[in-house]
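A quick write-up on the structure given underneath.
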Amino acid sequence: MKIAMIGTGYVGLVSGVCFSDFGHEVVCVDKDPRKIEMLERGEVPIYEPGLDTLMAKNVEAGRLSFTLDLNAAIDGADAVFIAVGTPTRRGDGHADLTYVMAAAEEIARAADHYVVVVTKSTVPVGTNRKVQEVVAAANPELDFDVASNPEFLREGAAIDDFMKPDRVVVGVESDRAAKVMEDIYRPLYLRDFPIITTDLESAEMIKYAANAFLATKITFINEIAALCEKVGADVKQVSKGMGLDGRIGNKFLHAGPGYGGSCFPKDTKALARIGQDHASPVSIVETVIKVNEETKRRMIDKLLDLCGGSFNGKRVAVLGVTFKPNTDDMRDAPALTIVPALVGGGAQVSVVDPQGRREGEALLPGVRWEDDPYAAVEGADLLLILTEWNEFRALDLGRIASSMATARLADLRNIYSSSDAEAAGFVAYDSIGRVGYGL
Ligand SMILES: NC(=O)c1ccc[n+]([C@@H]2O[C@H](COP(=O)([O-])OP(=O)(O)OC[C@H]3O[C@@H](n4cnc5c(N)ncnc54)[C@H](O)[C@@H]3O)[C@@H](O)[C@H]2O)c1
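Numbering (my numbering), first residue to last: 7 to 445.
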């Protein structure tokens, strides 16, 4: 199959590279010349484990290429995937469909043969029909179908998620489009991965419902964590005890500083708006959005308690600012709420993140970037663990405590315990959903 992929962000690039690894001929298009130049040089503009190697392999095999020229990419393509951003629209919480609709129009103007226009971006219910209208209006002669093919990959594990998905969801309206999608996903059909073929609206809804459910699960355990702190329970034990129940499952039950990232915040907001627009409010999701904001603010209160009520003049070392480990993505990361509160409160902040600096430098003004956690904590009054990168999971806590001015630890990912902290010489320790000391 010949595929054009529009957008070379986290989803477009991973999907394009993986489709080429299936054996398809893939041309990835982006309108950002900087990204295309990097890709043509063999450099990956984002951090995603394993992507560089897989990309190089398929470029070398002649199945994968990059261009700014949409016309050339669409020439002879069986399917064109739209994988552009759908950020939250300013002011109203709706998904901003400007990029999707612009891409649809560009496809319509460039195509001159039957093609399936596939939306991979996360889009509100009804968008594929609008894409259909936009393409038909821009090129009334064009023979085409639309398909919805939402993506479920997780940053940091994206290649595995794409190659071994829990399921693939395809929304189509014609047998012809269904056949094209089946041929594209044939390698996964052959290995018995579940492929759900459904209508356009259901496919669009599956994606939002799935993300909203996961955001709800995280928020539920975060709220239980707050209660655990009050009643003296340990949320790690509570999660374990809950998660072993097969009806609940242990995933997305790790309490933390609130969800962030490129999907959950914007997708929950968009689903809430869809519900309001259809006079069928999704009240649970509206509450999840509110509780998540409160969770992030609760973290600031925790840090204030550890710092004796004021950040002014305190030196704080922050480990991890990306929204989760194994990505460089900073979109809606809890760090973007917490670090500015520290800086704004008069703290001197040093930051260590294995991949976050490139994005983070512009987003977190007024902090000092360090490469080494041990250098960052020297003379600090507070060590704050915000993202559970592997390199922060086995630190020499004794060495750290003895090099700090005041050894206090805020472990917002529960990777250590209060006994670890106490044994290392920390005078105060706080985490999520567990009783700390020295507060
Ligand atoms: N990031 C994730 O983990 C993830 C997972 C599942 C689904 N999604 C969804 O996938 C979509 C893309 O997300 P992302 O994180 O990859 O976005 P992104 O912002 O990283 O990348 C989007 C890319 O599209 C390019 N672009 C925009 N308009 C274009 C056009 N007309 N022609 C060519 N290129 C164009 C931009 O330059 C950019 O490189 C979103 O709807 C998102 O919700 C994301």
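Cβ atoms here follow ideal geometry from the backbone N, Cα and C, with glycine treated the same way. Keep in mind the model is a prediction, meaning the values are calculated, not measured.
Can you give the Cα-Cα distance for residue i and residue j, rounded to whole angstroms?
i	j	result
residue 366	residue 327	8 Å
residue 280	residue 297	20 Å
residue 301	residue 288	20 Å
residue 342	residue 147	48 Å
residue 329	residue 79	33 Å
residue 77	residue 135	23 Å
residue 399	residue 418	12 Å
residue 184	residue 24	20 Å
residue 352	residue 345	11 Å
residue 322	residue 252	41 Å
residue 411	residue 385	5 Å
residue 9	residue 266	32 Å
residue 39	residue 155	27 Å
residue 374	residue 199	46 Å
residue 421	residue 62	35 Å
residue 325	residue 245	24 Å
residue 310	residue 99	31 Å
residue 243	residue 170	30 Å
residue 286	residue 278	9 Å
residue 167	residue 159	5 Å
residue 339	residue 331	11 Å
residue 369	residue 432	31 Å
residue 316	residue 360	29 Å
residue 447	residue 84	Given that the chain is displayed from residue 7 to residue 445, the structure contains no residue 447 and the question cannot be resolved.
Identify, in the order they occur along the chain, each residue of the same chain with its Cβ nearer than 6 Å to the Cβ of residue i, setting aside the five sequence neighbours on each side.
i	result
residue 34	11, 14, 22 and 72
residue 91	105
residue 149	120
residue 212	175
residue 69	26 and 31
residue 256	249
residue 261	227, 228, 231, 241, 438 and 439
residue 42	36, 72 and 74
Residues in the same chain with beta-carbon distance under 7 Å from residue i, minus the five sequence neighbours each way, listed in chain order, please.
i	result
residue 347	306
residue 447	Not covered by the structure: residue 447. The range shown for the chain is 7 to 445.
residue 177	134, 153, 154, 204, 205, 206, 208, 209 and 210
Which word fits residue i, buried or exposed, when buried means at least 16 other C-beta atoms lie within 10 angstroms of its C-beta?
i	result
residue 227	buried
residue 401	buried
residue 237	exposed
residue 299	exposed
residue 103	buried
residue 224	buried
residue 362	buried
residue 59	exposed
residue 219	exposed
residue 268	buried
residue 16	buried
residue 284	exposed
residue 379	buried
residue 335	buried
residue 396	exposed
residue 19	buried
residue 180	exposed
residue 429	exposed
residue 425	exposed
residue 443	exposed
residue 49	exposed
Where DSSP assigns a beta bridge to residue i, which residues make up the other side?
i	result
residue 391	325 and 417
residue 70	32
residue 153	124
residue 92	Its beta-bridge partners do not exist; DSSP assigns none.
residue 10	33 and 86
residue 190	Note: residue 190 sits in no beta bridge, so no partner.
residue 108	Paired residues: none, contrary to the question.
residue 436	416
residue 141	Paired residue(s): none; residue 141 is not in a bridge.
residue 56	Residue 56 is not bridged to any residue.
residue 204	177
residue 443	435
residue 101	94
Here's a check: name, in chain order, each residue in its chain whose Cβ is nearer than 8 Å to the Cβ of residue i, leaving out the five neighbours to either side.
i	result
residue 88	12, 13, 106, 109, 110, 113, 123, 124, 125, 126, 127 and 137
residue 222	290, 291 and 294
residue 140	107, 110, 111 and 114
For this session: Any chance you could list the beta strand (DSSP E) runs of at least 3 consecutive residues sitting entirely within the segment 212-274, in chain order?
Result: With a minimum length of 3 residues, no continuous beta strand (DSSP E) run stays inside the segment 212-274.
Exercise. Residue ranges of each beta strand (DSSP E) run of no fewer than 3 residues wholly in the segment 316-385, ordered along the chain?
Worked result: Listed in chain order, the complete beta strand (DSSP E) runs (minimum 3 residues) inside the segment 316-385 are 321-325, 354-358 and 373-375.
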